[in-house]
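Numbering (mature numbering (1 follows the signal peptide of the UniProt record, and there is no 0)), first residue to last: -26 to -1, 1 to 93.
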């Protein structure tokens, strides 16, 4: 009777282990991959951001757009409207980021004793 219990437990363990293993040759696809592309254009003002999905990791390269409401959709990076929106979003983000001005170290400082000259 103990032999049947051991055999049953072994079969159960084997089944659980086999369930968690990937089949040979299977490929895991990250969740941030485009599986299909949207066919219609989307107004640029609805797009908040985008990210690129790489063909080296995903089945196909794509642009994952995120709308201001948080919805995500994929665009074909070869399509002109997709390229236009990515450039516009880049320009918008570049314009929104503050620029840092380099200050010259040779500029005189008002009221500094080192900048006084005597004749």
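Glycine included, every Cβ here is placed at the ideal spot set by N, Cα and C.
Source: prediction; values computed, not measured.
In this structure residue 44 is exposed. Its beta-carbon is surrounded by fewer than 16 other beta-carbon atoms within 10 angstroms. Around the C-beta of residue 27, 16 or more other C-beta atoms lie within 10 Å, and the residue is accordingly described as buried. A direct Cα-Cα distance of roughly 14 Å separates residue 18 from residue 53. The beta carbon of residue 47 sits closer than 6 Å to the beta carbons of 12 and 39 from its chain, once the five residues preceding and following it are set aside; these are given in chain order. Take the alpha-carbon of residue 29 and the one of residue 70: they are about 30 Å apart. Taken in chain order, the complete beta strand (DSSP E) segments of 3 residues or longer contained in the segment 21 to 74 are 21 to 27, 36 to 41 and 46 to 49. Taking C-alpha positions only, residue 32 is separated from residue 63 by approximately 23 Å.
Put simply, of 49, 59, 41 and 68 the residue whose alpha carbon is nearest the alpha carbon of residue 20 is 41.
Within the same chain, Cβ atoms closer than 6 Å to the Cβ of residue 36 are found at 8, 27 and 48, the five residues on either side in sequence being excluded.
The Cβ-Cβ distance between residue 67 and residue 6 does not fall below 9 Å.
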